[in-house]
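The sequence shown begins at 1 in UniProt numbering and counts up one residue at a time.
Accompanying notes for the structure given below.
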Amino acid sequence: MLTGKSPYLQVCRGLPADRVPVWFMRQAGRSLPEYRAVRAGVPMLESCRRPELVTEITLQPVRRYGVDAAIFYSDIVVPLAAVGLDLDIVPGTGPVIAEPVRTRADLERIPELHPDQLTHVTDAVRMIVAELGDTPLIGFAGAPFTLASYLVEGGPSRDLHRTKAMAHGDPDLWHALLRRLAQISGAFLRAQVEAGASAVQLFDSWVGALPADGYRGLVAPHSAAALAAVADLDVPRTHFGTGTGELLADMAAPAGVDCVDVLGVDFRVPLDEGARRARAGAGRALAVQGNLDPALLLAPADVLVRAVREVLAAGDRTPGHVFNLGHGVPPGADPGVLQRVVDEVHAWTPARREV
Ligand code: CP3
């Protein structure tokens, strides 16, 4: 049965699709030789400011793999740079903030984000959508907690001690910071959708550092606010983090707000169990996205194929499944192996059964 509709958008909306849709977090990037070729000599943040380059890089994995969605090539810190914060993305390390945010005075250095600061983003989105045809573009933003983690720590951190110490030790400052970041995150999502993105994903990559009660009290209302910024635009919203097994029910409807259509599940929780937690939290069935362990991309082909089929079988036991990795494509992944995964997913005949 061919509906001619995007399988990705159908599944996000809880509707039937011809096949299990697949895309990969970090599908554009260093694992692709064509990416390394066009990025040569161009720093990461600079590359995000050139709409032609952003368009080319966003389209590369769609052309190569035939994935069911494109994700906008940018970074979670791009909107922070757009409001004037001094930061860089250091190859092999990640975002580094020149002056970390630790005090009320530091917070006052972070202005609100206005759409006119994002013309490089909206120009690129329009160019991409014009080239993509029927393939949907996913817009994204970093969630307030994950953005705060970079700002407070000053860069990547294994344990997020400073971030958690601020959240618990100075809740007024913490909530003021997250309110500001929710505005920035929401405005970044909104700009992408208004320019033509068909769906959004909120990345709360590091929020698994918190227990569920901490998530509820310190984070959830701000993530809900970021997602609510596109509530009137009728696009499906995916909410993703890693190490979030204990948080999935809350992330399915943060602060009790119905603002999530698809729940991202990392590789630590089977998809059908993730779908059960989503339903418990949201009070309704949600589609799930995930969750092949990226490490399996390095395993022998038979082991990989078996693992892909296990993910697909667990996905069949959910209300709807978007195939993805449990986290981003590692820079050393072999594009031929990713192609193998896409082909396996597309060859699968879904035997959907409501749970
Ligand atoms: O293909 C895509 O997924 C779209 C583009 C995208 C990038 N970053 C490009 C990028 C997306 C969606 C992101 C989001 C992002 N950025 C997240 C959330 C997703 C996740 O992985 O959890 C986070 C935490 C960041 C912060 C960040 N930016 C990190 C940790 C790194 C890696 C540092 C490194 O070099 O290993 C970056 C840099 C980055 N963002 C690269 C790319 C393609 C690599 C930079 C390069 O190629 O020079």
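Even for Gly, the Cβ is constructed at its ideal location relative to N, Cα and C.
- Task: List the DSSP bridge partners of Leu292.
- Result: Leu325
- Task: Pull up the CB-CB distance for Ala141 and Ile76, whole angstroms please, since I reckon it's below 8 Å.
- Result: 7 Å
- Query: Does the distance from the C-beta atom of Ala347 to that of His321 stay below 8 Å?
  - Reply: no
- Buried versus exposed call for Asp68 [16 or more other C-beta atoms within 10 Å across all chains shown]: buried
- Going by Cα to Cα distance, which pick from Ala275, Val193 and Asp258 is closest to Leu248? Ala275
- Message: Below 7 Å, is the gap between the Cβ of Gln27 and the nearest heavy atom of ligand 1?
- Response: Answer for Gln27: yes, Cβ within range of ligand 1.
- Task: Enumerate in chain order the residues of its own chain whose CB-to-CB distance from Asp204 is below 6 Å, with the five nearest sequence positions on each side excluded.
- Result: Ala143, Phe145, Thr146 and Gly241
- In this structure, what does DSSP give as the bridge partners for residue 356? A question about residue 356 goes unanswered here, because the residues of the chain that appear run from 1 up to 355.
- Query: Do you know how far the Cα of Met44 is from the Cα of Glu52?
  - Reply: 14 Å
- Query: Between which two residues does the beta strand (DSSP E) containing Leu87 stretch?
  - Reply: Leu87 to Val90
- Have a look at Leu9 and Val262 and give me their C-alpha separation to the nearest angstrom. 11 Å
- Query: Asp334 to Ala40, Cα distance in whole Å?
  - Reply: Across the structure, Asp334 and Ala40 are spaced so that their CA atoms are roughly 19 Å apart.
- Message: ligand 1 and residue 368: does the residue's C-beta get closer than 7 Å to at least one heavy atom of that ligand?
- Response: Outside the displayed span of the chain (1 to 355) sits residue 368, for which this structure offers no information.
- Query: Does at least one heavy atom of ligand 1 sit under 7 Å from the Cβ of Ile89?
  - Reply: yes
- Task: Take every Cβ of the region 227 to 240, pair it with every Cβ of the region 103 to 112, and state whether three or more of those distances are shorter than 8 Å.
- Result: no
- Query: How would you call Thr349, buried or exposed, if buried means at least 16 neighbouring beta carbons within 10 angstroms?
  - Reply: exposed
- Query: Under the criterion of a Cβ to heavy atom distance below 7 Å, does Pro95 qualify as lining ligand 1?
  - Reply: yes
- Query: Quick one: is the Cβ of Pro79 within less than 7 Å of any heavy atom of ligand 1?
  - Reply: no
- Whole-angstrom distance between Gln192 and Ala302, CA atom to CA atom: First, the residue type needs correcting, since residue 302 is Asp and not Ala in the sequence shown. Each residue's Cα considered, the two are about 40 Å apart.
- Message: On the criterion of 16 or more Cβ atoms from any shown chain inside 10 Å, does Ala351 qualify as buried, or is it exposed?
- Response: exposed
- Which partner residues of Ile97 appear in the DSSP bridge assignment? Leu87
- Looking only at its own chain, which residues have a Cβ that is under 8 Å from the Cβ of Pro294, when we skip the five neighbours before and after it? Non-local beta-carbon contacts of Pro294 in its own chain, meaning distances under 8 Å to residues more than five positions away in sequence, involve Phe267, Leu325, Gly326, His327, Gly328, Val329, Pro330 and Ala333 in chain order.
- Tell me whether the beta-carbon of Val125 lies closer than 8 Å to the beta-carbon of Gly29. no
- Using a Cβ-Cβ cut-off of 6 Å (strictly less than) and excluding sequence neighbours within five positions of Val90, which residues of its own chain qualify? Val96
- Task: Could you tell me the boundaries of the alpha helix (DSSP H) in which Phe145 lies?
- Result: Unbroken alpha helix (DSSP H) run through Phe145: Pro144 to Glu153.
- Enumerate in chain order the residues of its own chain whose CB-to-CB distance from Met127 is below 6 Å, with the five nearest sequence positions on each side excluded. Cβ within range, chain order: Pro51 and Thr55.
- Message: Can you tell me whether Gly281 is helix, strand or coil according to DSSP?
- Response: helix
- Task: Measure from the alpha carbon of Leu202 to the alpha carbon of each residue in Ala220, Arg216, Ala212 and Ala209, then state which is nearest.
- Result: Ala220
- Item | CA-to-CA distance, Gly169 to Thr135, given in whole angstroms | 46 Å
- Per DSSP, which residues does Ile57 bridge with? Please list them. In the DSSP output, where bridge partners are listed per residue, Ile57 has none listed.
- If you drop the 5 nearest sequence neighbours on each side, which residues of the same chain put their C-beta closer than 7 Å to that of Gln183? Glu112 and Leu113
- C-beta atoms of Val207 and Thr244 nearer than 8 Å: yes
- Message: Between Asp159 and ligand 1, is there a pair consisting of the residue's CB and a ligand heavy atom that are separated by less than 7 Å?
- Response: Because no heavy atom of ligand 1 lies under 7 Å away, the Cβ of Asp159 does not count as near it: no.
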